Amino acid sequence: MKYLIALCAIQTALLVFFGARIMAIDARTDEMTVVAAAAETAQAAVAASSDGWKDSSLFKEAPPGSGASIEEIRQVIREEVDLLAARMSAENRQSSGSEEDRAARAEMYANSAELSASLQQDLSYYIGRGRISEREMANLQLKIARLPPNQRGAALSQLTKAMSDGLLEGQL
Numbered sequence: 000m001k002y003l004i005a006l007c008a009i010q011t012a013l014l015v016f017f018g019a020r021i022m023a024i025d026a027r028t029d030e031m032t033v034v035a036a037a038a039e040t041a042q043a044a045v046a047a048s049s050d051g052w053k054d055s056s057l058f059k060e061a062p063p064g065s066g067a068s069i070e071e072i073r074q075v076i077r078e079e080v081d082l083l084a085a086r087m088s089a090e091n092r093q094s095s096g097s098e099e100d101r102a103a104r105a106e107m108y109a110n111s112a113e114l115s116a117s118l119q120q121d122l123s124y125y126i127g128r129g130r131i132s133e134r135e136m137a138n139l140q141l142k143i144a145r146l147p148p149n150q151r152g153a154a155l156s157q158l159t160k161a162m163s164d165g166l167l168e169g170q171l
C-alpha cells in the first residue's frame with residue numbers, strides 16, 4: 000500500500016512537470032508565431048516598395064522614445080562610419096611605416112643572429128638550472144621580443160616546450 004501511494008505521488012509530480020513543460024513550449028510557439036508574422040509583414044512591406052528598404056514605411060520613423068528623427072540617426076551612423084574609415088586608413092598608413100622605421104627594424108633584425116645566440120645560451124642555462132625567476136623571465140621575454148617574428152615564434156615555442164616538459168620551472 001505504501002508503494003502505491005509513493006507511485007501516485009511520483010506520477011502526480013511527473014504530470015505537473017510535463018504539464019508545465021508543455022505550457023512553456025506552447026508559449027514559445029506562440030512567441031515564434033508572432034515573430035514570424037512580423038517578419039513576413041516586414042518582408043512584404045520591403046518587397047512592395049519600389050525602391051527597396053529605403054522607401055519602406057518601417058524605416059520612415061525613428062523608434063518611439065528615441066528622441067531623434069530617422070534622418071538624424073542616419074547622419075550619426077554616417078559620421079561614425081566615416082570616422083571608423085578614417086581611423087582604419089590612418090592605422091594602415093602607420094603600419095606601413097616610414098623609411099626611418101624600416102631602417103630601424105632592419106638594423107634591429109641585423110643583430111638578430113647574435114641576439115638569438117645569446118637567447119639560446121640563456122635558455123640553455125635556465126633549463127640546466129631547472130628554474131627561472133620572474134625577473135629573469137621578463138628579461139628573457141624582452142630578448143625574445145627583439146627577435147624577428149619567425150625566430151620569435153621558434154624561441155617562444157622552445158621556452159613553452161621546456162616549461163611544459165618540466166625541464167624549466169617558472170611563470171610565463
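In numbering that gives the first Met the number 0, the protein residues as written are 0 to 171.
Glycine included, every Cβ here is placed at the ideal spot set by N, Cα and C.
A quick note: this is a predicted structure, and the numbers were derived from the prediction, not measured.
In the assembly as shown, ALA154 is a buried residue. Its beta-carbon has 16 or more other beta-carbons within 10 Å.
For ALA12 and LEU3, the gap between their C-alpha atoms comes out near 14 Å. By the Cβ rule, the segment 74 to 94 does not count as touching the segment 125 to 133, because fewer than three pairs are nearer than 8 Å. LEU166 sits exposed, since fewer than 16 C-beta atoms from the chains shown fall within 10 Å of its C-beta.
Beta-bridge pairing by DSSP links ARG130 to GLU168. In the DSSP annotation of this structure, MET0 is not part of any alpha helix (DSSP H), being labelled neither H nor E.
In the structure shown, the three-state DSSP call for PRO147 is coil. Between the C-alpha atoms of LEU114 and GLU78 there is a straight-line separation of about 48 Å. The alpha-carbon of ALA19 is positioned some 17 Å away from that of ALA8.
Taking ARG151 as reference, the option from SER163, GLN119, GLN170 with the minimal CA-CA separation is GLN119.
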